[in-house]
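Participant: Here it is: the structure, laid out below.
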Amino acid sequence: MCEKWNTREEQDIAECNRQNRSHQNMTYQQRRTSIYQLKDDFVKTHQREPNRMEVFRMGRCKDLPDGTQRWVDDESNDRFERMTQMMTLSLQSDDAAPVSVEDAFIAVMGRDRPGRVRCAGKAETLRTWYGRGKGSSSLGGYHTQV
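Residue numbering for the sequence shown follows the working numbering, starting at 1 and increasing by one per position.
If you want it as structure tokens, here you go:
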């Protein structure tokens, strides 16, 4: 097994992975509970599916016993605050249409890559997240920037 890892090809792959990790600006929490288990626990607790902001928060923030929160990095906290602020401002304004959770998420995080759902886990695709026949092309205001 050691011979396999010491080949030039494997070392090149490891170096490429190391460089790719260095470009990530927001990481998930390092814990044993998967995002799917967190989503399942959320459904059991709240009797509904979590929205994308809640999934984003579950993956990057931990509620501490003293009532405070610990974010994995400042960038994640800032983005979550911007999403929350967009929704709050739209609710307070009488003349503006309310901003949905989905629209606020997309405005702050950007659109999903083709075939994938941002911040929802490795196995999630547009079809599994939104259901059959739904997704970015069938949601009315999905691509509009707020």
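Heads up, the beta-carbon is just placed ideally off N, CA and C, and yes, glycines get one too.
Tell me, to the nearest whole angstrom, how far the beta carbon of ARG79 is from that of MET58; I am working on the premise that it is less than 8 Å.
Facilitator: Actually they do not touch by this definition, with Cβ atoms about 14 Å apart.
Participant: Please work out which residues of its chain come closer than 6 Å, Cβ to Cβ, to ARG21, disregarding the five sequence neighbours upstream and downstream, and give them in chain order.
Facilitator: There are no such residues.
Participant: In the structure shown, what three-state DSSP assignment does GLN47 receive?
Facilitator: Coil at GLN47, not helix or strand.
Participant: For the beta strand (DSSP E) holding ASP63, just list the boundary residues, first then last.
Facilitator: 61-63 is the extent of the beta strand (DSSP E) around ASP63.
Participant: Going by DSSP, what residue range makes up the beta strand (DSSP E) through ARG70?
Facilitator: Start and end: 69-71.
Participant: Pick out whichever of ARG116, ILE13 and SER90 has its Cα sitting closest to the Cα of ALA104.
Facilitator: That would be SER90, whose Cα lies nearest to the Cα of ALA104.
Participant: Tell me the residue span of the alpha helix (DSSP H) that contains ASP103.
Facilitator: Segment 101-109, the alpha helix (DSSP H) holding ASP103.
Participant: What is the residue span of the alpha helix (DSSP H) that CYS16 lies within?
Facilitator: Where CYS16 is concerned, the enclosing alpha helix (DSSP H) stretches over 8-23.
Participant: Grab me the residues of ASP40's own chain with a C-beta within less than 7 Å of its C-beta, minus the 5 sequence neighbours each way, in chain order.
Facilitator: Taken in chain order, the list of residues that qualify is empty.
Participant: Applying the 10 Å Cβ sphere with the 16-neighbour rule, what's the burial state of CYS119?
Facilitator: When all chains shown are included, CYS119 counts as buried.
Participant: Using three-state DSSP, classify LYS122 as helix, strand or coil.
Facilitator: Three-state result, LYS122: coil.
Participant: Under the assumption that VAL72 contacts ARG60 (Cβ atoms under 8 Å), give the Cβ distance between them as a whole number of angstroms.
Facilitator: That belief holds up - the Cβ atoms of VAL72 and ARG60 are roughly 5 Å apart, short of 8 Å.
Participant: Please classify VAL55: does DSSP put it in a helix, a strand, or coil?
Facilitator: Looking at VAL55 - three-state DSSP - the assignment turns out to be helix.
Participant: Would you kindly report the start and end of the unbroken alpha helix (DSSP H) that includes ASP94?
Facilitator: Element bounds for ASP94: n/a, residue is neither H nor E.
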